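Protein chains in written order, with the numbering used here: chain A, 163 to 449; chain B, 43 to 398.
Glycine is no exception: its CB is placed at the ideal position from the N, C-alpha and C atoms.
Since the model is a prediction, treat every value here as computed from it, not as a measurement.
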Amino acid sequence: MIVQSRSRAAARAVLAWGVVALFVFPLFFWITVAFKEAREIFDLPPRLANFTPTLNNFNEVFGLSLGGNLVGGGNFNMGPRLWDSIVIAVFSTLLAVTIATLASYALSRMKFRARHHYVSWVLSTRMMPPVAVAIPMFFIYKDIGLLDSYLGVILIHAVMNLPLAVLLMKSFFDDIPLEIDESAVIDGASRWYIFRRVVLPMAKGGIAATAVLCFIFSWTEFLFVLTLTQTGLKTVPVVSSTFVTSTGTAWGNMAALGVAAMAPAFLFVLLVQKQLVRGLTLGSLKQ
Amino acid sequence: MAQVSYRKIAKSYGAVEVMRDVELDIADGEFAVLLGSSGCGKTTLLRMTAGLETITAGDLMIGGARVNDRPPKDRDIAMVFQNYALYPTMKVFENIAFSLRVKKAPEAEVKRKVGAAAEVLNLTDYLDRYPRELSGGQRQRVAMGRAMVRDAEVFLFDEPLSNLDAKLRAHMRVEIRQLHDRQGATTIYVTHDQIEAMTMADKIVLMKGGKVEQVGTPDELYDRPVSKYAADFVGSPSMNFIEGEIGEREGAPIFLAEGVAAPLPAPMARHLGRRTIAGLRPSDLHPAENGAVQGTLTLAEKTGADQNLHVRAAGVDIVSTAPRNFQVRQGQHIALAIPPERVHLFDAATERRLGA
Ligand SMILES: Nc1ncnc2c1ncn2[C@@H]1O[C@H](COP(=O)(O)OP(=O)(O)OP(=O)(O)O)[C@@H](O)[C@H]1O
Ligand SMILES: [Mg+2]
């Protein structure tokens, strides 16, 4: 740590915590809503801590019966929807990251015709607004039988994620000095061996970052799930919208679902975060 | 047997030609040093030898076979890169063992070979560390170790010592040379440090702008540089150059410039009247009454064992090495003498060496 004056350090800390509070407050309030009775939600001044916590919202949303003092059997039964979200996010992330890693290594290292144009071509597929794609996709999926299936949604999410994932991963591979590959080539290693044993471990941080982005996208994606699924499955963002009805909005239930939905995403990021260490090439080269 | 021969090698990047007509033979077991200023093509030649770069024209022969189209792994070459290119996610042991792992060598052999290499390189205590936890010199030795366990026919080194401090560099010079003497593999070593070249090489290959300027033993390069460029490159402090003319005095040839009158060997008489550049090594010049070079002392630099006298003469700064007890004051007049046979003469226009 570089030495700095105490007053400046204190001012910096206060400012930093202020910014953090600004970002965290909505989250905190949302969580309190999940534990409030409907009549308390819109109280003025807003109740931050002085409310009677209740699990009613969760109970209604997930149909849990806790300790017998709550009425069991929720009317929304959202547990399976949470499961749908997890399956889709995990597998579409896996698929996108696998393909993107292989593709971007090739783009970064191999010489082939027009490779410099590839990246912009790949990116161009994301320049169209998704709405323009959603309706045609509905008909295509209907014809090939992917409508309302896990595979269908996983595929479309992976495809949506690929361009950015490739771009991101490529920049990570580009940062790994070519001499490292070349040194391994001279020592007799095959391309695949180098990729798996030398380059991939070095790109861990990049893979983790890419995975986080893909996961979050899939976890929050709305449009494609809405159009490409019917009764078989629905993810959290889409079912959240069902709490908005013509007779009013079930704020408490929506917040409960939101809080529950944050948990898996948070867990995933936490798991991956460990890999987000920077400076992985440290020590490989002369400074 | 791994003789390495270059036959009319040329290299172009697109329309840019960076190397032309390189003719060179490196004998089996020889320690050859590629020397030259930055950008002259040393790395390019090394990379072509390793198979990392295609050869635009000419033939590259290793052990008598043409290898232009042979992939790197089939050339039996080990290479230490200009930056060390260690594998940061592997510990020192695995870094050194890499090529053996690729070959799927038995565990006992891996242990034995890595152990032996670490022993020689003084790395035994560091095998369990990551490269980032090592000093520059240690990293450099890991890079060497990775090449050593290969038992390759040809070793290529690309400026492996360029980032080390002077002391470590002197130490590593000896280590590398001893290693070579023990293993007896053909070695091509790139540097732009002439001291490294002089101390380590069996043969020096001096390059200039993508061409070979001179090939020879360190002594040959020092004593008979073929051009002003070669003369300038080898020797420290570097050679003094004075432009003048070859004249005659009392029937003997003499090099003449303002304040300079240096007697030459008799056969030089045939270049009479020619515009030339005289090259005078600092170590050949010594203070003497009636010396060939007359000037005033501008600076005396102590180097420890001796001192470098900077003398203003013939409009240039002339350096001479004198014993450290030699007493002379700044601004004082001084004369420097040089034996006739130690004067190097280069044509003023072509800058090539003039023969007797
Ligand atoms: N990929 C490339 N494309 C175009 N020109 C190149 C390329 N690589 C090298 N060159 C040119 O080839 C010449 C030789 O480069 P090289 O790297 O072999 O020099 P060097 O002698 O190793 O220099 P240094 O001592 O600085 O390492 C340089 O003029 C360089 O600009
Ligand atoms: Mg170089």
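Straight-line Cα distance separating residue j from residue i
i, j, result
"Gly258 of chain B", "Met240 of chain B", "11 Å"
"Gly234 of chain A", "Asn221 of chain A", "For Gly234 of chain A, the pLDDT reaches just 35, beneath the cut-off of 50, and the residue's location in the model is therefore unreliable, leaving the point undetermined."
"Leu378 of chain B", "Phe275 of chain B", "23 Å"
"Gln180 of chain B", "Leu165 of chain B", "7 Å"
"Val370 of chain B", "Ala334 of chain B", "18 Å"
"Thr391 of chain A", "Phe405 of chain A", "18 Å"
"Arg188 of chain B", "Asp67 of chain B", "26 Å"
"Val387 of chain A", "Leu330 of chain A", "25 Å"
"Ser79 of chain B", "Val156 of chain B", "35 Å"
"Val302 of chain B", "Pro309 of chain B", "20 Å"
"Asp116 of chain B", "Gly350 of chain A", "8 Å"
"Ile378 of chain A", "Ala251 of chain A", "8 Å"
"Ala175 of chain A", "Phe190 of chain A", "21 Å"
"Thr345 of chain B", "Pro279 of chain B", "11 Å"
"His352 of chain B", "Val361 of chain B", "5 Å"
"Leu257 of chain A", "Ala320 of chain A", "6 Å"
"His213 of chain B", "Arg219 of chain B", "10 Å"
"Ala99 of chain B", "Arg49 of chain B", "9 Å"
"Leu77 of chain B", "Ile342 of chain A", "25 Å"
"Met364 of chain A", "Met416 of chain A", "42 Å"
"Ile230 of chain B", "Met61 of chain B", "18 Å"
"Arg359 of chain A", "Phe140 of chain B", "10 Å"
"Ala356 of chain B", "Tyr126 of chain B", "46 Å"
"Gly277 of chain B", "Ala243 of chain B", "14 Å"
"Ala294 of chain B", "Asp389 of chain B", "19 Å"
Run of the beta strand (DSSP E) containing residue i, from where it starts to where it stops
i, result
"Val46 of chain B", "46-55"
"Ala355 of chain B", "348-355"
"Gln220 of chain B", "Looking at the DSSP string, Gln220 of chain B is not in any beta strand (DSSP E); the run it does join, the alpha helix (DSSP H), is 208-225."
"Gln336 of chain B", "335-344"
"Arg112 of chain B", "Looking at the DSSP string, Arg112 of chain B is not in any beta strand (DSSP E), and its letter there is neither H nor E."
"Gln256 of chain B", "253-258"
"Arg62 of chain B", "58-68"
"Val401 of chain A", "Taken as a continuous stretch (DSSP letters only), Val401 of chain A belongs to no beta strand (DSSP E), being part of the alpha helix (DSSP H) at 398-402."
"Gly289 of chain B", "282-291"
is_contact[residue i, chain A] using C-beta, thresh 8 Å
i, result
"Leu94 of chain B", "yes"
"Val109 of chain B", "no"
"Met190 of chain B", "no"
"Ile104 of chain B", "no"
"Ile138 of chain B", "no"
"Ala273 of chain B", "no"
"Met121 of chain B", "yes"
7 Å Cβ cut-off: residues of chain A touching residue i
i, result
"Ser141 of chain B", "Asp349, Gly350"
"Pro114 of chain B", "Val347, Ile348"
Test: residue i CB closer than 8 Å to a CB of chain B
i, result
"Ser345 of chain A", "yes"
"Pro363 of chain A", "yes"
"Val456 of chain A", "The structure shown does not extend to residue 456 of chain A, since chain A is modelled only from 163 to 449, so the question has no answer here."
"Tyr303 of chain A", "no"
"Val360 of chain A", "yes"
"Ser169 of chain A", "no"
Chain B contact residues for residue i, given Cβ-Cβ distances below 8 Å
i, result
"Pro339 of chain A", "Asn125, Ala127"
"Tyr355 of chain A", "Val144"
Contact list for residue i against chain B, beta-carbon separation under 7 Å
i, result
"Ile342 of chain A", "Ala127, Tyr129"
"Tyr280 of chain A", "Chain B residues near Tyr280 of chain A: none, gap ~21 Å exceeds 7 Å."
Residue range of the unbroken alpha helix (DSSP H) whose run includes residue i
i, result
"Leu102 of chain B", "Element bounds for Leu102 of chain B: not the alpha helix (DSSP H) but the beta strand (DSSP E), 99-104."
"Phe297 of chain B", "Run containing Phe297 of chain B: none in the alpha helix (DSSP H); it sits in the beta strand (DSSP E), 294-299."
"Tyr271 of chain B", "270-275"
"Ala418 of chain A", "413-435"
Any chain E beta carbon closer than 8 Å to residue i
i, result
"Leu206 of chain B", "Absent from the structure is chain E; the protein chains it does hold are A and B."
When you check each C-beta in the segment 266-278 of chain A against every C-beta of chain B, which residues fall closer than 9 Å? none
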